[in-house]
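Heads up, the sequence shown is in this note's numbering, so the first residue is 292 and it goes up one at a time. Please read the structure below before turning to the comments.
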Amino acid sequence: MASSAAIVIRSVLATVAGLAVVVIGSTVTDQAMHATGIIPPGAMWNPWHNLLALAYRCVVAVAGGYVTAWLAPRNAMRHVMILAVIGLAAGTAGVIATAGLNLGPRWYPIAVAVTGFPCVLIGGLWQRRRAALAA
292 MASSAAIVIR SVLATVAGLA VVVIGSTVTD QAMHATGIIP PGAMWNPWHN
342 LLALAYRCVV AVAGGYVTAW LAPRNAMRHV MILAVIGLAA GTAGVIATAG
392 LNLGPRWYPI AVAVTGFPCV LIGGLWQRRR AALAA
């Protein structure tokens with residue numbers, strides 16, 4: 292019984308770790324972009340700023356999927372799918388929450404919500420492929 296409890300705990304931690312990579316990675320990169328003046332703080336109406344932010348969010352989502360698959364005790368892609376669904380739900384909530392706030396073009400939060408799912412899956416698949424090649 293203790294071993295199944297340990298597996299459940301490791302499963303939850305694998306998914307939480309991937310989520311932490313995405314949230315912390317995105318937040319830290321946002322702050323770095325603002326601190327360096329690459330992306331000014333506030334509403335983002337410049338399409339290049341939006342594309343840059345979308346690009347680094349995709350990279351961070353891939354990293355989150357990779358970490359989740361790497362840490363999962365078994366059924367790595369199931370854990371990655373759970374993370375991807377959490378990300379899709381959070382992204383969809385972001386689209387809804389920012390509606391009408393005039394923070395930038397509507398395509399940006401929609402693109403964040405839509406691209407997060409496949410990017411997380413890519414990260415999980417990348418880790419699984421690396422693990423298979425190493426075996």
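C-beta atoms are modelled at their ideal positions from N, C-alpha and C, and glycine is treated no differently. Here the structure is a predicted model, which is why all the values come from computation and not from measurement.
Cβ separation of residue i and residue j, assumed to be a contact under 8 Å, to the nearest whole Å
i: Val385; j: Ala354; result: For the record, residue 385 in the displayed sequence is Gly; it is not Val. Their Cβ separation, rounded to whole angstroms, is 19 Å, which puts Gly385 and Ala354 out of contact at 8 Å.
C-beta neighbour in chain C for residue i, strict 8 Å
i: Ala323; result: In summary, chain C is missing from the structure at hand, where a single protein chain is found.
Where residue i falls: helix, strand or coil (DSSP)
i: Trp339; result: helix
i: Leu392; result: coil
i: Gly289; result: Nothing about residue 289 can be reported from this structure: the residues present for the chain run from 292 to 426 only.
i: Arg419; result: helix
i: Ala352; result: helix
i: Ile330; result: coil
Next item on the list: Spell out a yes or no on whether the segment 366 to 382 and the segment 337 to 351 are touching, meaning 3 or more CB-CB pairs, one atom from each, closer than 8 Å.
Entry: As far as the Cβ criterion goes, the segment 366 to 382 does not touch the segment 337 to 351, which means the pair count is below three.
Next item on the list: Determine contact between the segment 389 to 397 and the segment 311 to 329, defined as no fewer than three beta-carbon pairs at a distance below 8 Å.
Entry: Cβ pair count under 8 Å is below three, so no.
Margin query: Taking 8 Å as the cut-off, does the segment 408 to 415 touch the segment 345 to 365 (at least 3 CB pairs, one atom from each stretch)?
Written below: The segment 345 to 365 is in contact with the segment 408 to 415.
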